[in-house]
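Structure, as structure tokens:
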Amino acid sequence: MARSTAASLKDEVTFTPGTPLESIDPASTPGWEDGQKKAEKELARVGEKLSDLQEQLFAEGRSGGSRSVLLVLQGMDSSGKGGIVRHVIGLVDPQGVAHQSFGKPTEEELSHDFLWRIKNALPTPGYIGVFDRSHYEDVLVARVNSLVTQDVIEERYNLINQFEKELVDSGTTIVKVMLHISYDEQKDRLAERLERPDKFWKYNPGDIDERLKWPAYTDAFQRMLDKTDTDYAPWHVVPASEKWYARLAVSELLLAALESLDLTWPEADFDVEAEKARLAAT
Ligand code: AMP
Ligand code: MG
């Protein structure tokens, strides 16, 4: 069978509201039939394009442009968020990346509304922002652990949609990704963290407490997807049991976002010929 095109891979992982998360197989590789080896080659190829477009975006930002891209990564513990940062974002110049991970809010963060710390971390023009966890934790862990009332959670979906609309209107292209792993796959990955001294640092005993609430997290993710999937900031559910697939899929999503900007190199804001003449005279 002929290899699927990038466009179809993107379509395959674009979420349709109402689709039950359980109907998406975390071990599947939608839009990709060619296995791991070719996927890794393809990732390298996509990476070169990403790198070129990122430089154009950066140049545009330096030249008075207002556009940026924001990749939002969500997923259960061990779903591979960090791996995406390393293997996909790692393909572009770190100079143009604004990376932020969001953990438990600090005292100061808690004294503000939940979007405060998010707004402080947004990519400025020309940057690719990457959120490892995000404002969505405030409707995920907050919902599962009843950190606020359900009424507050319901209101947050609306606040998030409004916030993202303003963000898009101000020139940020948002790419929202849920890395989708299975309960069994998480067990294997947590077990690995407990077997390998080089992975202990990633392990947190609290991960098991959260794992025990898997069905509640599944409900919270489902509701998040259904309530905050918009035409201006759609969700993508990326099956992530196969790490190579998830990396390829996210790279294709980022590439599509950058391509949609129709980037060009900024015009010189000086007289090129005059500058050549001045230089030649030195
Ligand atoms: P990690 O990404 O493994 O470093 O873990 C970060 C932890 O911070 C996770 O357990 C998240 O659920 C938690 N966290 C992130 N954002 C929030 C939030 N807004 N409220 C409560 N916990 C959060
Ligand atoms: Mg963790």
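Quick note: the sequence shown, position 112, residue 131 per our numbering, numbers continuous. For glycine and all other residues, C-beta sits at the position ideal for the given N, C-alpha and C.
The ligand MG and ASN223: does any heavy atom of the ligand fall closer than 7 Å to the residue's C-beta? yes
Can you give the Cα-Cα distance for ALA275 and GLY50, rounded to whole angstroms? 15 Å
Pick helix, strand or coil for LEU209, following the three-state DSSP scheme. helix
Is ALA161 a contact residue of the ligand AMP, with contact defined as CB to any heavy atom under 7 Å? yes
Run the CB neighbour count on VAL291, radius 10 Å, all protein chains shown included, and call it buried at 16 or more, exposed below. exposed
Continuous alpha helix (DSSP H) assignments of at least 4 residues falling wholly in the segment 38-113: With a minimum length of 4 residues, the continuous alpha helix (DSSP H) runs that stay inside the segment 38-113 are 54-81 and 100-106.
Using the C-alpha atoms, what's the distance from ILE43 back to GLU31? 11 Å
Exposed or buried, ALA21, counting other C-beta atoms within 10 Å across all chains shown (16 or more means buried)? Because ALA21 sits at a pLDDT of 44, beneath the cut-off of 50, its placement in the model cannot be relied upon, and the following sentence gives the value as read from the coordinates. It counts as exposed.
Would THR35 be called buried (16 or more neighbouring beta carbons within 10 Å of its own) or exposed? exposed
Which term fits ALA252, buried or exposed, when burial requires 16 or more other beta carbons within 10 angstroms of its beta carbon? Counting Cβ neighbours within 10 Å, ALA252 comes out buried, since at least 16 surround it.
TRP284 by DSSP, collapsed to three states: which one? coil
Would you report the Cα separation of LYS123 and ASP151, rounded to the nearest angstrom? 12 Å
Helix, strand or coil at ALA21 [DSSP, three-state]: Summary for ALA21: the model assigns pLDDT 44, below 50, so the residue's position carries little reliability, and this model does not support an answer.
Three-state class that DSSP yields for THR191 in the structure shown: THR191 falls in the strand class under three-state DSSP.
Along the chain, which unbroken stretches of the alpha helix (DSSP H) at least 4 residues long are found entirely within the segment 144-183? 160-163
Count the other CB atoms, across all protein chains shown, that sit within 10 Å of the CB of TRP284; report buried if there are 16 or more and exposed otherwise. exposed
Starting from ALA239, trace the alpha helix (DSSP H) in both directions and tell me its first and last residue. 233-247
By a C-beta neighbour count over all protein chains shown, 10 Å radius and 16 as the cutoff for buried, is GLU173 buried or exposed? exposed
Do the CB positions of LYS305 and VAL91 come within less than 8 Å of each other? The structure shown does not extend to residue 305, since the chain is modelled only from 20 through 301, so no value can be given for it.
What is the DSSP secondary structure of ALA252, reduced to helix, strand or coil? coil
For GLU294, name the three-state secondary structure that DSSP assigns. helix
Does the count of Cβ pairs from the segment 106-120 and the segment 262-272 closer than 8 Å reach three? yes
Between which residues of its own chain and THR38 is the CB-CB distance below 7 Å, once the five residues before and five after are set aside? none
Counted within 10 angstroms of its Cβ, other Cβ atoms place SER70 as buried (16 or more) or exposed: exposed
Suppose contacts are defined by Cβ-Cβ distances below 8 Å. Is HIS199 in contact with VAL111 by that definition? no
Determine the contact status of LEU62 and GLN241, defining contact as a CB-CB distance below 8 Å. no
CB-CB length for SER87 against PRO142, believed under 8 Å: 4 Å
Output the distance between the C-alpha atoms of ASP157 and LEU277, rounded to the nearest integer angstrom. 28 Å
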